[in-house]
Amino acid sequence: MVPQTRDSDILILGAGGAGLFAALHAHQAAPELGITVAVKGLLGKCGCTRMVQGGYNVALAAEDSVERHFMDTIEGGKWLPDQELAWKLVTLAIERVHELENELGCFFDRNPDGTVHQKAFAGQSFDRTVHKGDLTGIEIMNRLAEQVWARRIQRLEEHRAVELIKTSGGDAIAGVLFIDMRTGDYVFVRARAVLLATGGGPTMYRYHTPSGDKTCDGLAMALRAGLALRDMEMVQFHPTGLLAGAHTRMTGTVLEEGLRGAGGFLLGGNKERFMPSHDPKAERATRDVVSRAMFTEMRKGNTTPHGGLYISMAHLGPERVRREFKGMVERCADCGFDLAGALVEVVPTAHYMMGGVEFAPDCTTALPGLFVAGEDSGGVHGANRLGGNGVANSTVFGAVAGDRMAAWVRNQRFRQPDGPAIDAAIARCERPFGTRAGDLEVLRERLFDTMWERVGILRNASGLAQGLAELDALDAELERTGVGDTTRVFNLSWHDWLNLQSLVAVSRAITQAAAARQESRGAHYREDFPHTGSLETSAYTSIRADGTVAMKPVAFTRVRPGQSLLKHAA
Ligand SMILES: Cc1cc2nc3c(=O)[nH]c(=O)nc-3n(C[C@H](O)[C@H](O)[C@H](O)COP(=O)(O)OP(=O)(O)OC[C@H]3O[C@@H](n4cnc5c(N)ncnc54)[C@H](O)[C@@H]3O)c2cc1C
38 MVPQTRDSDI LILGAGGAGL FAALHAHQAA PELGITVAVK GLLGKCGCTR
88 MVQGGYNVAL AAEDSVERHF MDTIEGGKWL PDQELAWKLV TLAIERVHEL
138 ENELGCFFDR NPDGTVHQKA FAGQSFDRTV HKGDLTGIEI MNRLAEQVWA
188 RRIQRLEEHR AVELIKTSGG DAIAGVLFID MRTGDYVFVR ARAVLLATGG
238 GPTMYRYHTP SGDKTCDGLA MALRAGLALR DMEMVQFHPT GLLAGAHTRM
288 TGTVLEEGLR GAGGFLLGGN KERFMPSHDP KAERATRDVV SRAMFTEMRK
338 GNTTPHGGLY ISMAHLGPER VRREFKGMVE RCADCGFDLA GALVEVVPTA
388 HYMMGGVEFA PDCTTALPGL FVAGEDSGGV HGANRLGGNG VANSTVFGAV
438 AGDRMAAWVR NQRFRQPDGP AIDAAIARCE RPFGTRAGDL EVLRERLFDT
488 MWERVGILRN ASGLAQGLAE LDALDAELER TGVGDTTRVF NLSWHDWLNL
538 QSLVAVSRAI TQAAAARQES RGAHYREDFP HTGSLETSAY TSIRADGTVA
588 MKPVAFTRVR PGQSLLKHAA
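So my numbering is basically just the index in the sequence shown, starting at one, shifted up by 37.
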């Protein structure tokens, strides 16, 4: 099958905060360049940046500082973040928020004196989260999309990237193979520079928050292209995902952290509080601590009818709850629950992957011509991401990548792709049409179970080994399972098959990295290694497609454990 071909100087995969900022910055730096944004969904309507509720961390206030934001990020990340990446995050976040407001047209909430309002978020020593009510992502994405639409930037919507194609010598990237989901045709786009910004997304867990278009395709493609992923064991769970039954897409979606912050209680199936017996901060402990306590109660069988726990707000006064948490009360009402006056079932839900492609502060990767930004990248957050640092990460590094790619392509020619690699990628994608049809739903359920039970909030060596064996079996079975419908036009079963293939590959990487880290740190908790190892010798996991994991030392380029950049501190 010969794919259609086209050329673009710069090709951007993904249209979230990272992809769209990259497009705008590359265009601003070099308007004469051909720039294409290719996206699995519709530009402006998909991905997780649109789902951002809480807001954007940035040190704007006179009493705050980039050093303080940096120290919160490093300490929150349990000394695993790459310090140069974290420094870039906190310093450039200021520029990006000014750009969002003054050039792109975002309106963030303001104080009566006209300054930007910044709210409190967990794990931070200063209230620095800029927001637009609790719909911050919609404001950011609408303005970014309008600006992209207004410029000479090409769009390939409903185009799913399926393989990063190198030159025949393998020394650089030559372009990307896509499926045009609207026709089922293959399309090869040759590009001088490619940005991977498909946004990760831990949707292999039974309960998860990210949008359904995110199935770790970018990370799976990076592995197949020979790149190393770091920190893959670090998957963040949000404690309060809504539990509304198995057959609604609302299950897993977030009930915001502010509910616990305001004084909400978590109750077991026996309707009694359990958090005070797990941590002195009770419901106000950090996300990882609360999620672990909840999972422990669930394992004990202290559960609600749907197998979760309850959140209770009524003791704060239903009127206050309705006033302060209007969006959350409405979300629960949509599912038949009364958040203000009664109990609502909740469950910890997989939210964010701290891990991703190893990259340098200028967004380059080990493969010349391939750049990475946003949730596909690893190393900015280490063992934990602070709420509010996710969208800052995407926009900061998206912009860096756009600037860098525009400069880089000046000295680059289009490269010839490796023809057999394109053929092999097409053969892989075609596989489910040549095999007897099976039930993909059953395989997805098995993946959910494996990741939730064995590679989830509490881990141990035997569970991880069993998890890996189950993933191997799943992988083999997926290879033998076909899709019945052979139409190519919007064949969602075909795309489900491809989604599962990416999710299984990345689940294996999470499991192998989790087995290699024999300690507990941040989001990664090992029941058989409950303590955190020496911070001085902190090392990050670096995994490749063959499953080999290297432990690489963290370079303390700006501050060492026990020290601080804050003058009044140690
Ligand atoms: C419910 C929720 C609330 C959140 N709230 C906050 C918050 O308050 N503050 C915060 O800082 N962070 C928050 N986050 C995290 C934040 O959303 C992410 O960190 C960030 O938006 C990721 O940006 P991105 O550009 O990397 O990816 P995304 O915005 O997810 O974009 C990824 C893009 O890649 C596309 N794509 C995927 N696969 C392919 C493929 N194969 N081919 C082509 N395109 C593809 C997708 O369609 C999408 O357009 C939240 C996340 C969720 C899920």
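Just so you know, even glycine gets a beta-carbon here, dropped at the ideal spot from N, CA and C.
Note that the structure is predicted; figures quoted are calculated from it, not measured.
Measuring CB to CB, does residue i end up less than 7 Å from residue j?
{"i": "residue 268", "j": "residue 364", "result": "no"}
{"i": "residue 122", "j": "residue 384", "result": "no"}
{"i": "residue 182", "j": "residue 81", "result": "yes"}
{"i": "residue 492", "j": "residue 548", "result": "yes"}
{"i": "residue 444", "j": "residue 270", "result": "no"}
{"i": "residue 419", "j": "residue 115", "result": "yes"}
{"i": "residue 236", "j": "residue 412", "result": "yes"}
{"i": "residue 246", "j": "residue 289", "result": "yes"}
{"i": "residue 35", "j": "residue 474", "result": "Residue numbering for the chain in the displayed model covers 38 to 607; residue 35 lies beyond these limits and cannot be assessed."}
{"i": "residue 279", "j": "residue 287", "result": "yes"}
{"i": "residue 200", "j": "residue 462", "result": "yes"}
{"i": "residue 312", "j": "residue 283", "result": "no"}
{"i": "residue 328", "j": "residue 274", "result": "yes"}
{"i": "residue 618", "j": "residue 113", "result": "What the structure shows of the chain is the stretch from 38 to 607, and residue 618 is not part of that stretch, so it cannot be assessed."}
{"i": "residue 190", "j": "residue 299", "result": "no"}
{"i": "residue 265", "j": "residue 581", "result": "yes"}
{"i": "residue 248", "j": "residue 85", "result": "yes"}
{"i": "residue 47", "j": "residue 63", "result": "yes"}
{"i": "residue 126", "j": "residue 409", "result": "no"}
{"i": "residue 424", "j": "residue 350", "result": "no"}
Any heavy atom of ligand 1 within a distance shorter than 6 Å of the CB on residue i?
{"i": "residue 627", "result": "The structure shown does not extend to residue 627, since the chain is modelled only from 38 through 607, so no value can be given for it."}
{"i": "residue 391", "result": "no"}
{"i": "residue 394", "result": "no"}
{"i": "residue 218", "result": "no"}
{"i": "residue 40", "result": "no"}
{"i": "residue 235", "result": "yes"}
{"i": "residue 52", "result": "yes"}
{"i": "residue 247", "result": "yes"}
{"i": "residue 101", "result": "no"}
{"i": "residue 626", "result": "Within the shown structure, residues of the chain are numbered from 38 to 607, placing residue 626 beyond reach of any answer."}
{"i": "residue 428", "result": "yes"}
{"i": "residue 431", "result": "yes"}
{"i": "residue 417", "result": "no"}
{"i": "residue 90", "result": "yes"}
{"i": "residue 425", "result": "yes"}
{"i": "residue 153", "result": "no"}
{"i": "residue 78", "result": "yes"}
{"i": "residue 268", "result": "no"}
{"i": "residue 197", "result": "yes"}
{"i": "residue 55", "result": "yes"}
Quickly, what does DSSP pair residue i with across the bridge? List them, please.
{"i": "residue 691", "result": "Because the chain here runs from 38 to 607, residue 691 falls outside it and cannot be looked at."}
{"i": "residue 73", "result": "48, 191"}
{"i": "residue 587", "result": "579"}
{"i": "residue 42", "result": "225"}
{"i": "residue 594", "result": "Bridge partners of residue 594: none, in fact."}
{"i": "residue 313", "result": "DSSP lists no partner for residue 313."}
{"i": "residue 474", "result": "519"}
{"i": "residue 558", "result": "561"}
{"i": "residue 216", "result": "197, 223"}
{"i": "residue 488", "result": "Bridge partners of residue 488: none, in fact."}
{"i": "residue 66", "result": "According to DSSP, which records beta bridges pairwise, residue 66 is partnered with nothing at all."}
{"i": "residue 415", "result": "395"}
Using 7 Å as the limit for Cβ to Cβ distance, is residue i near chain B?
{"i": "residue 314", "result": "No chain B appears in this structure, which consists of one protein chain only."}
Legend entry - Meets three-Cβ-pair contact criterion under 8 Å: the segment 212-229 and the segment 436-452: yes
Inset, instruction - Could I get the ranges of all uninterrupted alpha helix (DSSP H) runs contained in the segment 149-210, with 4 residues as the minimum, in chain order? - result: 173-186
Inset, instruction - Taking only runs that begin and end inside the segment 223-308, name each unbroken beta strand (DSSP E) of 3 or more residues, in chain order. - result: 223-233, 272-279, 302-304
Legend entry - Meets three-Cβ-pair contact criterion under 8 Å: the segment 121-131 and the segment 90-110: yes
Inset, instruction - With a floor of 3 residues, list each beta strand (DSSP E) that falls wholly inside the segment 328-369, ordered by position along the chain. - result: Secondary structure within the segment 328-369: the beta strand (DSSP E) runs of 3 or more consecutive residues, fully enclosed, are 346-349 (chain order).
Legend entry - alpha helix (DSSP H) segments (min. 4 residues) lying fully within the segment 499-523: none
Inset, instruction - For the segment 446-470, list the alpha helix (DSSP H) runs that are entirely contained and at least 4 residues long, ordered along the chain. - result: 456-467
Inset, instruction - Decide yes or no for the touch test of the segment 305-316 against the segment 328-347: beta carbon pairs closer than 8 Å, at least 3 of them. - result: yes
Inset, instruction - Mind the definition here: the segment 590-604 touches the segment 566-576 only if three or more C-beta pairs lie below 8 Å; say whether that holds. - result: yes
Legend entry - Residue ranges of each alpha helix (DSSP H) within the segment 101-150, 4 or longer: 103-113, 120-139
Legend entry - Segment contact, 8 Å Cβ cut-off, at least three pairs: the segment 149-167 with the segment 38-51: no
Inset, instruction - Could you say if the segment 251-258 and the segment 532-543 meet the contact criterion of at least three C-beta pairs nearer than 8 Å? - result: yes
Inset, instruction - Could you tell me whether the segment 68-76 touches the segment 177-195, using the rule of 3 or more Cβ pairs below 8 Å? - result: yes
Legend entry - the segment 345-362 contacting the segment 377-393, beta-carbon criterion three pairs below 8 Å: Under the 8 Å Cβ criterion, the segment 345-362 counts as touching the segment 377-393, having at least three qualifying pairs.
Legend entry - Meets three-Cβ-pair contact criterion under 8 Å: the segment 47-54 and the segment 387-401: They do not touch, by the three-pair rule.
Inset, instruction - Would you be able to state if there are at least three C-beta pairs under 8 Å between the segment 554-561 and the segment 499-513? - result: With contact defined as three or more Cβ pairs closer than 8 Å, the segment 499-513 and the segment 554-561 are not in contact.
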